[in-house]
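Colleague: Per the numbering used here, the first sequence starts with residue 1, numbered consecutively. I'd like to ask you about the structure that follows.
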Amino acid sequence: MQRDFSFEIVSQPNPNYPLMRAGIIHTPHGDIKTPNFNLVGTHGHVKFISPDDMWTIHAQVMLSNGYHLFRRATVISATGGLAKWSGWNGPTFTDSGGFQVMSLGSGLGKVVSMDMVDANDESKLREPDERMALVDDEGVEFRDPYSARIIKFTPELSIETQHKIGADIMMSFDELTNISDTYDYNVRALERTRRWAERGLREHIRQTALRKDRPYQALYGVLQGGYYLDLRAKAARDISSMTVDGEGFDGFGLGGVLTKQDLPSILTTMCEILPNDKPRHLLGLSHPDDIFVGVETGSDTFDCVAPTREARHGRIYAMDGNFNLKRSEYKDDDNLLDKDCDCPTCQAGHTKAELRALLKSSDIADHAKAYNLLSTHNARFIIRLCEQIRQAIIDGYYDEYKQSFVKRYYR
RNA sequence: GCGUCUGUAGCUCAGUUGGUUAGAGCGCUGGAUUGUGGCUCCGGAGGUCGCAGGUUCGAAUCCUGUUAGACGCC
């Protein structure tokens, strides 16, 4: 199979972190220098951040969602794929819709619990008859109560949809378990995810053959297993060794609801088993401490809604620690969001007082302005963090960099 | 001058035939937010019910007076 997709490692091994690396992912829409944070544009655009803004803040990747774009997949395909259709002409990822198995199913209407006090507590799960996503071995039935629309998503349909959308990198359709699911349930869900991965890989090979006129789209196999290390190791062995007609996955997605406490051991367990020469994407995490753990254990790319969502809610990232811009103490504060920031918002001189007023205004146009200025700021903060981590890995001063960052940020 | 209507939280208002510590939305204020059903979610402060009397076991609610505003009529 012809692939215009590859991964190269550009750093020397670090004895303190044997799995850590900096690299380059070569895709049909350009190179991704890793570690990198992918901006999340679920519906094909990042909320309140334009493609021009993305270039300005040195974003490298947009990650969209095959489930949310399902109805528009044919149009996107006809337009020439996600990059052209969205106006963002750089590298793109699509997620499979696997996250929605949980977020619209057992976790519907709840903030994703990452607290171990909820572990194994099935009473914390949404009742099946209240869920908008019902899972079985065949796939997932998504229901929309407003339109009465029902979509039966299967691994085959997810992959076919993602091929239509045409992102450079796709994710296999997986079942994400909730922290409240039991060990036994995780065993069953993991086996289901393994079978779905195989079915998806088979469909991927079929679709690739059907679309020879298009650039090759890479497919990452996704690893699950809850917070159980034995299941995580099994997932890593199963997915990394999986082949269909001699073809395997191009990279790996590290998925699941992962607590800060368990993150290092879970990531280490998986990445020690995964082959070193393929890229790994850590799904859904972007807080700086999580990124540090991720890169130290071998993750290359990250994505998360937190920087943009938290920006819209007034949670601002800054080198000396995050803060809530809505607090009254910033009402007359003429300082920048972060005096050391190179984002367009801080470079333009917007003050905390000014941005707070926009954010708290009753005018929807002011909101939009604030959301744009604050989202680009937070996004740039995490992107810059990844850029600096990459440079530190390559130039051999990672420990010093991390120490200085953490000392200020988590003071 | 007379008549009618209206005065309840910073704002807009609910308050059932009088019945425990008078509610809501917005605003204010604090927190949450991790592969985006989110201008979302959770919490807190804030009122001697225009004022003064009266009836009653008990009044935001009924009666009288008074005051402020709106409207109408001479």
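Where a beta carbon is used, it is the ideal one built from N, C-alpha and C, also for glycine.
#1: With a 10 Å radius around its C-beta and 16 neighbouring C-beta atoms as the bar for buried, classify Asp-129 as buried or exposed.
#2: With a threshold of 8 Å (Cβ to nearest heavy atom), would Thr-345 be considered close to the ligand MG?
#3: Taking just the CA atoms, how far does Lys-360 sit from Leu-219?
#4: If you count every other CB in all the chains shown that lies within 10 Å of the CB of Trp-55, and 16 or more means buried, which is it?
#5: If distances are taken between C-alpha atoms only, which option among Glu-296, Asp-338 and Pro-307 comes closest to Asn-16?
#6: Looking only at C-alpha atoms, which of Met-242, Ile-393 and Thr-301 sits nearest to Asn-36?
#7: Could you tell me the alpha carbon to alpha carbon distance between Ser-375 and Tyr-410, rounded to whole angstroms?
#8: Should Pro-13 be labelled buried (16 or more other beta-carbon atoms within 10 Å of its own) or exposed?
#9: Counting only runs of 3+ residues fully inside the region 198-255, write out the beta strand (DSSP E) ranges in chain order.
#10: Could you compute how far the alpha carbon of Gly-396 sits from the alpha carbon of Leu-283?
#11: For His-313, does the three-state DSSP call read helix, strand or coil?
#12: Exposed or buried, which one is Asn-65 when buried takes at least 16 other CB atoms within 10 Å?
#13: Measure the C-alpha to C-alpha separation of His-29 and Ser-123 and round it to an integer number of angstroms.
#14: What residue range does the beta strand (DSSP E) around Met-171 cover?
#15: Would you call the CB atoms of Arg-425 and Gly-105 closer than 9 Å?
#16: Could you spell out the range, first to last residue, of the alpha helix (DSSP H) harbouring Thr-376?
#17: Could you tell me which of Gln-224, Arg-356 and Lys-278 sits nearest to Leu-258, measuring between CA atoms?
#18: Exposed or buried, which one is Leu-210 when buried takes at least 16 other CB atoms within 10 Å?
#19: When you compare the CB positions of Asn-38 and Val-61, do they come within less than 9 Å of one another, or not?
#20: Is it buried or exposed for Gly-200, if we count other Cβ within 10 angstroms and need 16 for buried?
#21: Would you decide whether Gly-212 is buried or exposed? Buried here means 16 or more other CB atoms lie within 10 Å of its CB.
#22: From the DSSP secondary-structure annotation, give me the bridge partner or partners of Glu-8.
#23: Rounded to whole angstroms, what is the Cα-Cα separation between Ala-133 and Thr-193?
#24: State the Cα-Cα distance for the pair Gly-109 and Ile-316, rounded to the nearest angstrom.
#25: Distance, Cα to Cα, Ser-96 vs Met-171?
#26: Decide if Gln-162 is buried, meaning its Cβ has at least 16 other Cβ atoms within 10 Å, or exposed.
#27: So Ile-57 and Arg-380 are supposed to be a Cβ contact under 8 Å. How far apart are they, rounded?
#28: Tell me whether Tyr-67 is buried or exposed, calling it buried when 16 or more other Cβ atoms sit within 10 Å of its Cβ.
#29: Counting along the chain, where does the alpha helix (DSSP H) carrying Ser-404 start and finish?
#30: Leaving out the 5 sequence neighbours to the left and right, which residues in its chain are closer than 7 Å to Arg-143 when beta-carbon positions are compared?
#31: Which value, in whole angstroms, describes the spacing of the CA atoms of Ile-159 and His-204?
#32: For my contact list, Met-412 and Ala-235 are in at a C-beta cut-off of 8 Å; report their separation, rounded to the angstrom.
#33: One question on the structure: do Thr-351 and Leu-336 come within less than 9 Å of each other, judged by their Cβ atoms?
#34: Is the beta carbon of Asn-120 less than 9 Å from the beta carbon of Thr-177?
#35: Taking its Cβ as the centre, do 16 or more other Cβ atoms sit within 10 Å of Gln-261, making it buried, or is it exposed?
#36: Does the separation of the CB atoms of Leu-355 and Ala-370 fall below 9 Å?
Modeller: In short:
#1: Locating residue 129 in the first sequence gives position 129, where the first residue counts as 1. That one is exposed.
#2: No copy of the ligand MG appears in this structure; indeed no ligand is present at all.
#3: The residue you call residue 219 lines up with position 219 of the first sequence. The residue you call residue 360 lines up with position 360 of the first sequence. About 43 Å.
#4: Counting from 1 along the first sequence, the entry for residue 55 is found at position 55. By the neighbour-count rule (16 or more Cβ atoms within 10 Å), Trp-55 is not buried but exposed.
#5: Counting from 1 along the first sequence, the entry for residue 16 is found at position 16. Closest option to Asn-16, Cα to Cα, is Glu-296.
#6: Along the first sequence, read from residue 1 onward, the residue named residue 36 stands at position 36. Closest option to Asn-36, Cα to Cα, is Thr-301.
#7: For this step, residue 375 is matched to residue 375 along the first sequence. For this step, residue 410 is matched to residue 410 along the first sequence. Their Cα atoms are separated by approximately 21 Å.
#8: Position 13 of the first sequence holds residue 13. The residue is exposed, with fewer than 16 neighbouring Cβ atoms inside 10 Å.
#9: 218-223 and 251-254
#10: Taking the first residue of the first sequence as 1, we reach residue 396 at position 396. Taking the first residue of the first sequence as 1, we reach residue 283 at position 283. One C-alpha to the other measures close to 26 Å.
#11: Numbered from 1 along the first sequence, position 313 holds the residue referred to as residue 313. It is coil, neither helix nor strand.
#12: Taking the first residue of the first sequence as position 1, residue 65 is located at position 65. It counts as buried.
#13: Position 29 of the first sequence, counted from the start, is the residue given in the question as residue 29. Position 123 of the first sequence, counted from the start, is the residue given in the question as residue 123. When rounded, the distance between both Cα atoms is 46 Å.
#14: The residue given as residue 171 occupies position 171 in the first sequence. Here the beta strand (DSSP E) through Met-171 covers 169-171.
#15: Outside the displayed span of the chain (1 to 411) sits residue 425, for which this structure offers no information.
#16: In the first sequence, residue 376 corresponds to position 376, counting from 1. Start and end: 364-395.
#17: Taking the first residue of the first sequence as 1, we reach residue 258 at position 258. Taking only the C-alpha atoms, the option nearest Leu-258 is Gln-224.
#18: The count along the first sequence starts at 1 and reaches residue 210 at position 210. Its Cβ having fewer than 16 others within 10 Å, Leu-210 is exposed.
#19: Mapped onto the first sequence, residue 38 falls at position 38. Mapped onto the first sequence, residue 61 falls at position 61. Cβ distance < 9 Å, so Asn-38 and Val-61 count as in contact.
#20: In the first sequence, the residue the question calls residue 200 occupies position 200. Classification for Gly-200: buried.
#21: Your numbering for residue 212 matches position 212 in the first sequence. Going by the sequence as given, residue 212 is Lys instead of Gly. With fewer than 16 other Cβ atoms within 10 Å, it is exposed.
#22: Within the first sequence, the letter at position 8 stands for residue 8. DSSP output for Glu-8 lists Ile-24 as bridge partner(s).
#23: Here residue 133 refers to the residue found at position 133 of the first sequence. Here residue 193 refers to the residue found at position 193 of the first sequence. Rounded to the nearest angstrom, the two C-alpha atoms are 16 Å apart.
#24: Here residue 109 is taken as the residue at index 109 of the first sequence, counted from 1. Here residue 316 is taken as the residue at index 316 of the first sequence, counted from 1. For the pair Gly-109 and Ile-316, the Cα-to-Cα distance works out to about 25 Å.
#25: Translated into positions along the first sequence, residue 96 becomes position 96. Translated into positions along the first sequence, residue 171 becomes position 171. One C-alpha to the other measures close to 5 Å.
#26: Residue numbering aside, residue 162 sits at position 162 when the first sequence is read from its first letter. Answer is buried; the Cβ neighbour count reaches 16.
#27: Looking up residue 57 in the first sequence gives position 57. Looking up residue 380 in the first sequence gives position 380. Right, the Cβ-Cβ distance comes to about 4 Å (below 8 Å), so this counts as a contact.
#28: For the purposes of this step, residue 67 is taken as residue 67 along the first sequence, with counting starting at 1. Buried is the call here.
#29: Counting from 1 along the first sequence, the entry for residue 404 is found at position 404. From DSSP, the alpha helix (DSSP H) with Ser-404 extends over 398-409.
#30: Working through the first sequence from its first residue, we reach residue 143 at position 143. Same-chain partners within the cutoff: Met-132 and Ile-150.
#31: The sequence position of residue 159 within the first sequence is 159, counting from 1. The sequence position of residue 204 within the first sequence is 204, counting from 1. Approximately 6 Å, taken between the alpha carbons.
#32: Because the chain spans 1 through 411 in this model, residue 412 falls outside it and cannot be assessed.
#33: The residue given as residue 351 occupies position 351 in the first sequence. The residue given as residue 336 occupies position 336 in the first sequence. Using a Cβ distance threshold of 9 Å, Thr-351 and Leu-336 count as a contacting pair.
#34: Mapped onto the first sequence, residue 120 falls at position 120. Mapped onto the first sequence, residue 177 falls at position 177. In this structure, Thr-177 does not lie closer than 9 Å to Asn-120 by Cβ.
#35: Counted from its first residue, the first sequence places residue 261 at position 261. With fewer than 16 other Cβ atoms within 10 Å, it is exposed.
#36: Start at 1 with the first residue of the first sequence, and residue 355 comes out as number 355. Start at 1 with the first residue of the first sequence, and residue 370 comes out as number 370. Yes. Within cutoff.
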